[in-house]
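Q:
2 protein chains.
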Amino acid sequence: MAADSFSIGVDFGGTNLRVAAYAPAAGFLETIHIATRLQAGRDAVVADMCAAIRKLRDRYAGNATLKGIGVGSPGPLELPEGRLRNPPNLPGFDGLELRAEVQRGVGERVVVENDANVAALAECIVGQGKKLGVDSLCMLTLGTGVGAGIILQGKIWDGMNGMAGEAGHINIYIDGPLCGCGSRGCLEPLASATGVRRRAKELIAAGSAPALAALEKRSPDFTPREISELALAGDPSAIQIFEEVGRALGIGLAALVNTLNLPLYVIGGGLANSWNLFSPTLFEELRYRSYVFRMTDPDQPATSAGSSARTYIRLADLGPEAGLLGACILPFTVFPDGN
Amino acid sequence: MAADSFSIGVDFGGTNLRVAAYAPAAGFLETIHIATRLQAGRDAVVADMCAAIRKLRDRYAGNATLKGIGVGSPGPLELPEGRLRNPPNLPGFDGLELRAEVQRGVGERVVVENDANVAALAECIVGQGKKLGVDSLCMLTLGTGVGAGIILQGKIWDGMNGMAGEAGHINIYIDGPLCGCGSRGCLEPLASATGVRRRAKELIAAGSAPALAALEKRSPDFTPREISELALAGDPSAIQIFEEVGRALGIGLAALVNTLNLPLYVIGGGLANSWNLFSPTLFEELRYRSYVFRMTDPDQPATSAGSSARTYIRLADLGPEAGLLGACILPFTVFPDGN
């Protein structure tokens, strides 16, 4: 990376559109926040995006070379084409050639990625990966769903057409709750905000969770945070919900650790705030179900015959800006030097 | 690869030691088969290996440049060090510095890999991967256990210390049968030769499988092949066993397809001979549990908005020589050109 190059990153969300100019040494140079005008249609959204990119380019291109444009978008996406495929959170955007349209709108080279993947890239390059000195990781983002991104040797692993990292759909319980993907018992309906609310409603319906029932009465749209407050106050049903989240995560992480043998797995997203509530059962299942983890457990001393390799499970280091940061970093990881 | 370079590969098994000289254009130049003298101890085995390597080197090094030595070994292995760690099938070999000792014994550069990984490499470079024109795959070898190897962009994915590809320990049923790794319900005890025999014995003990009971009576050490013969003759219990193998494989493959999004998954090993018996339930579970597979199913036409990317599940193309072939190919994938 030349010291005098910069990039422009776009964090394209269903609600907000955030665009930033970024230089590796300086961080964000300037950020533009606008609302995503979904109602105005896809052409208007792409036009807003391109206008913000051009504005930042015109402001910074005098002093530095533009490395390229990185866009983090909700999926599913066809990659490297950057084509949206029936994105559930962007109604009307099916088939949008996002990469080609932004490229046409700004006349610069553009790379499009899944939003979970760019967040993972940011964690790798400037977050927990940098802290631990590793260049590969898998990040699970526990939000409305469970997103995942895999970084191998400093680059996003897209798989053959951009669908890698759908680790939210690893099966945990064969007859578990129905998932949006059509299967049952995936990680997603067990370890997402949606899953936590669903489980609370089940316990309320079973009549065995008076504190949760009282919560629902005073706050019908209760959040995982409110359930976590009950758990921290000692309510057994609320505690059970997070213990179950930890078990599901531990079983899912075991599959990832056994298959990928990466040095780092990062847990992010809103539900990650309840780490203290779910991590004990997470580690219990992970130790039980992954001998690879047991042999590389950071809490165990290396044996004489053993390697010093360690498998770290960590909370995300970056906050909600991870997506925008990752979109800005992306052009530096995919475009060759010399521009 | 220079046309005039060759390699020497070693397939190090608990019973047989096979060493070959190999050139990419010509294939095997010569193969040496000897028994693995486990009883004589590790020094004797390494000495036998080195003697065979030196013999082949001295015979072929006059006409071509030796690219390097590749060794496929039973695991677990620390990589890239090539150190054995408590290998269950090589008693007394714990801690053996296999790479360093062979390098010292022959004075050439040596690369050591897991036997499941080199078989996967061979399938990628000269087997099913070549046939389909893809450079990434995951291979599951259904033998006594379930081995796995992952090839990404033409190279073995080792993970951080050589333990990647332990996909045999992906969890399928949380309370399933005990696995050698200490967990329960891993793919290995469900889709291996050992697992098939265990399941047959369970059905015999339950008194509901007269044909299997008769088989055990006349052939106490009955094999999966004998069970498959009963299944092909229509015995419902034998058919059920292979249907269960297919379900477990389908659930495990769904986790791999969702996580890795590779173009090809290869099934090898002795149990793969029963493909016709287990593949219907395999595909049933895989389609149900992986929307990534459903979107890239080779048996479905690409949709208009869709990608042409396809996820192939195929039987291994190479036979038992895959391990030796992969060991021979290995030096060409890891040592830079120009010797």
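Protein chains in written order, with our numbering: chain A, 1 to 339; chain B, 1 to 339. Glycine included, C-beta positions come from ideal geometry on N, C-alpha and C. All figures in this text were calculated on a predicted structure; none of them were measured in a lab.
Alpha carbon to alpha carbon, how far is Leu325 of chain B from Asn16 of chain A?
A: Counting from one through the second sequence, the residue named residue 325 of chain B turns up at place 325. Counting from one through the first sequence, the residue named residue 16 of chain A turns up at place 16. Those two C-alpha atoms are separated by around 54 Å.
Q: Check whether the Cβ of Ser290 of chain A lies closer than 8 Å to any Cβ atom in chain B.
A: Indexing the first sequence from 1 puts residue 290 of chain A at position 290. So yes, Ser290 of chain A belongs to the interface.
Q: Who are the neighbours of Leu262 of chain A on chain B, taking C-beta pairs under 7 Å?
A: Here residue 262 of chain A is taken as the residue at index 262 of the first sequence, counted from 1. The answer, in chain order, is Gly159 and Met160.
Q: Who are the near neighbours of Ala238 of chain B in its chain, counting only those whose CB is closer than 6 Å to its CB and skipping five residues on each side?
A: For the purposes of this step, residue 238 of chain B is taken as the residue at position 238 of the second sequence. Taken in chain order, the residues that qualify are Ile227, Leu230 and Ala231.
Q: How many angstroms separate the CA atom of Leu56 of chain A from the CA atom of Ala44 of chain A?
A: As a working note, residue 56 of chain A is residue 56 in the first sequence. As a working note, residue 44 of chain A is residue 44 in the first sequence. Cα to Cα, Leu56 of chain A sits roughly 19 Å from Ala44 of chain A.
Q: Which value, in whole angstroms, describes the spacing of the CA atoms of Ala305 of chain B and Asn86 of chain A?
A: As a working mapping, residue 305 of chain B is identified with position 305 in the second sequence. As a working mapping, residue 86 of chain A is identified with position 86 in the first sequence. Caution applies to Ala305 of chain B, whose pLDDT of 46 falls short of 50 and renders its modelled position unreliable; the model cannot decide the point.
Q: Pop quiz: Thr144 of chain A and Ala191 of chain A are said to be a contact at Cβ under 8 Å. What is the actual Cβ separation, rounded to whole angstroms?
A: Translated into the one-based positions of the first sequence, residue 144 of chain A becomes position 144. Translated into the one-based positions of the first sequence, residue 191 of chain A becomes position 191. Rounded, the Cβ-Cβ distance is 12 Å, inconsistent with contact.
Q: From the DSSP secondary-structure annotation, give me the bridge partner or partners of Cys138 of chain B.
A: As a working note, residue 138 of chain B is residue 138 in the second sequence. DSSP, once it has assigned bridges, lists B:Ile150 and B:Tyr265 as partnering Cys138 of chain B.
Q: Using the DSSP secondary-structure output, state which residues sit across from Val71 of chain A in a beta bridge.
A: Residue 71 of chain A sits at position 71 when you count from the first residue of the first sequence. A:Val10 and A:Val112, per the DSSP bridge assignment.
Q: CA-CA distance, His33 of chain A and Arg18 of chain A?
A: If you number the first sequence from 1, residue 33 of chain A lands on position 33. If you number the first sequence from 1, residue 18 of chain A lands on position 18. Rounded to the nearest angstrom, the two C-alpha atoms are 5 Å apart.
Q: Do you know offhand how far Arg247 of chain B's Cα is from Gly82 of chain A's?
A: Taking the second sequence and counting its residues from 1, the one referred to as residue 247 of chain B is at position 247. Taking the first sequence and counting its residues from 1, the one referred to as residue 82 of chain A is at position 82. Using only the alpha carbons, I get a separation of about 34 Å.
Q: Based on the DSSP output, what are the partners of Leu178 of chain B in its beta bridges?
A: Residue 178 of chain B sits at position 178 when you count from the first residue of the second sequence. Answer is B:Arg184.
Q: What is the DSSP secondary structure of Ile313 of chain B, counted as helix, strand or coil?
A: Residue numbering aside, residue 313 of chain B sits at position 313 when the second sequence is read from its first letter. Three-state DSSP puts Ile313 of chain B in a strand.
Q: Helix, strand or coil: which one does DSSP assign to Arg57 of chain A?
A: Taking the first residue of the first sequence as 1, we reach residue 57 of chain A at position 57. Correct three-state label for Arg57 of chain A: helix.
Q: Kindly say whether Tyr312 of chain A, judged by its beta-carbon, lies nearer than 8 Å to any beta-carbon of chain B.
A: Against the first sequence, residue 312 of chain A aligns to sequence position 312. No, because no Cβ of chain B sits closer than 8 Å to the Cβ of Tyr312 of chain A.
Q: With a threshold of 16 other CB atoms inside 10 Å of the CB of Thr122 of chain A, please say whether the residue is buried or exposed.
A: In the first sequence, counting from the first residue as 1, residue 122 of chain A sits at position 122. Note that residue 122 of chain A is Ala in the sequence shown, not Thr. Ala122 of chain A is buried by the Cβ-count criterion.
Q: Mind checking whether Gly68 of chain B and Val111 of chain B have CB atoms under 8 Å apart?
A: Translated into the one-based positions of the second sequence, residue 68 of chain B becomes position 68. Translated into the one-based positions of the second sequence, residue 111 of chain B becomes position 111. Cβ atoms of Gly68 of chain B and Val111 of chain B: closer than 8 Å.
Q: Look up Phe242 of chain A in the DSSP assignment and say whether it is helix, strand or coil.
A: In the first sequence, counting from the first residue as 1, residue 242 of chain A sits at position 242. Looking at Phe242 of chain A - three-state DSSP - the assignment turns out to be helix.
Q: Just how far apart, CA to CA, sit Phe332 of chain A and Arg287 of chain B?
A: In the first sequence, the residue the question calls residue 332 of chain A occupies position 332. In the second sequence, the residue the question calls residue 287 of chain B occupies position 287. Going by the C-alpha atoms only, they are around 37 Å apart.
Q: How many Å lie between Leu330 of chain A and Gly159 of chain B at the Cα?
A: Working through the first sequence from its first residue, we reach residue 330 of chain A at position 330. Working through the second sequence from its first residue, we reach residue 159 of chain B at position 159. Taking the straight line from one Cα to the other gives about 23 Å.
Q: According to DSSP, simplified to helix, strand and coil, what is Leu324 of chain B?
A: Within the second sequence, residue 324 of chain B is the residue found at index 324, counting from 1. It is helical.
Q: Would you check if the region 148-159 of chain A and the region 20-29 of chain B touch, i.e. whether three or more CB-CB distances between them fall below 8 Å?
A: No: fewer than three Cβ pairs fall under 8 Å.
Q: If we ignore side chains and look at the alpha-carbon of each, how far apart do Ala164 of chain A and Gly127 of chain A end up?
A: Taking the first residue of the first sequence as 1, we reach residue 164 of chain A at position 164. Taking the first residue of the first sequence as 1, we reach residue 127 of chain A at position 127. Approximately 22 Å between the Cα atoms of the pair.
Q: Quick one, which residues of the region 246-259 of chain A are near chain D if we go by CB-CB under 8 Å, in chain order?
A: Looking for chain D here will not work: the only protein chains present are A and B.
Q: Is the region 267-274 of chain B in contact with the region 134-144 of chain B, if contact means three or more CB pairs nearer than 8 Å?
A: Enough Cβ pairs lie closer than 8 Å, so yes.
Q: Listed from N- to C-terminal order along the chain, which residues in the region 170-192 of chain A have their beta-carbon within a distance smaller than 7 Å of any beta-carbon of chain B?
A: The region 170-192 of chain A vs chain B, Cβ under 7 Å: Ile170, Asn171, Tyr173, Ile174, Cys181, Gly182 and Ser183.
Q: Here's a check: name, in chain order, each residue in its chain whose Cβ is nearer than 6 Å to the Cβ of Arg225 of chain B, leaving out the five neighbours to either side.
A: For the purposes of this step, residue 225 of chain B is taken as residue 225 along the second sequence, with counting starting at 1. Closer than 6 Å at Cβ, skipping near neighbours: no residue.
Q: For Val106 of chain B, which residues from the same chain have a beta carbon less than 8 Å from its beta carbon, with the 5 sequence-adjacent residues on both sides left out?
A: Here residue 106 of chain B refers to the residue found at position 106 of the second sequence. Within the same chain, Val106 of chain B has close Cβ partners Cys50, Ile53, Arg54, Arg57 and Ile69.
Q: Would Ala209 of chain B count as contacting chain A if we go by Cβ distances under 8 Å?
A: Locating residue 209 of chain B in the second sequence gives position 209, where the first residue counts as 1. No, Ala209 of chain B lies away from the interface with chain A (no Cβ there is under 8 Å from its Cβ).
Q: Using 8 Å for Cβ pairs, my map puts Gly323 of chain B next to Asp115 of chain B. What's the rounded Cβ distance?
A: Counted from its first residue, the second sequence places residue 323 of chain B at position 323. Counted from its first residue, the second sequence places residue 115 of chain B at position 115. Correct: roughly 5 Å between the Cβ atoms.
Q: At the level of alpha carbons, what is the spacing between Leu178 of chain B and Leu187 of chain B?
A: The residue you call residue 178 of chain B lines up with position 178 of the second sequence. The residue you call residue 187 of chain B lines up with position 187 of the second sequence. Those two C-alpha atoms are separated by around 11 Å.
Q: For Leu315 of chain A, which residues in the same chain have their Cβ closer than 7 Å to its Cβ, ignoring the five residues on either side in sequence?
A: By 1-based counting over the first sequence, the position of residue 315 of chain A is 315. Only Ile267, Ala272 and Trp275 meet the Cβ criterion.
Q: Using a C-beta to C-beta distance shorter than 9 Å, which residues of chain A count as neighbours of Gly165 of chain B?
A: In the second sequence, residue 165 of chain B corresponds to position 165, counting from 1. What Gly165 of chain B touches in chain A: Asn258, Thr259, Leu260 and Asn261.
Q: Would the region 251-259 of chain B and the region 216-223 of chain B be scored as touching if the rule is three or more Cβ pairs under 8 Å?
A: Segments in contact, no.
Q: Which first and last residues belong to the alpha helix (DSSP H) in which Ala206 of chain B is found?
A: The residue labelled residue 206 of chain B in the question sits at position 206 within the second sequence. No alpha helix (DSSP H) holds Ala206 of chain B; DSSP gives it neither H nor E.
Q: Using a Cβ-Cβ cut-off of 6 Å (strictly less than) and excluding sequence neighbours within five positions of Ala2 of chain B, which residues of its own chain qualify?
A: Start at 1 with the first residue of the second sequence, and residue 2 of chain B comes out as number 2. Legend: pLDDT at Ala2 of chain B = 46, less than 50; position of this residue unreliable, value from coordinates given subsequently. Nothing listed; no residue qualifies.
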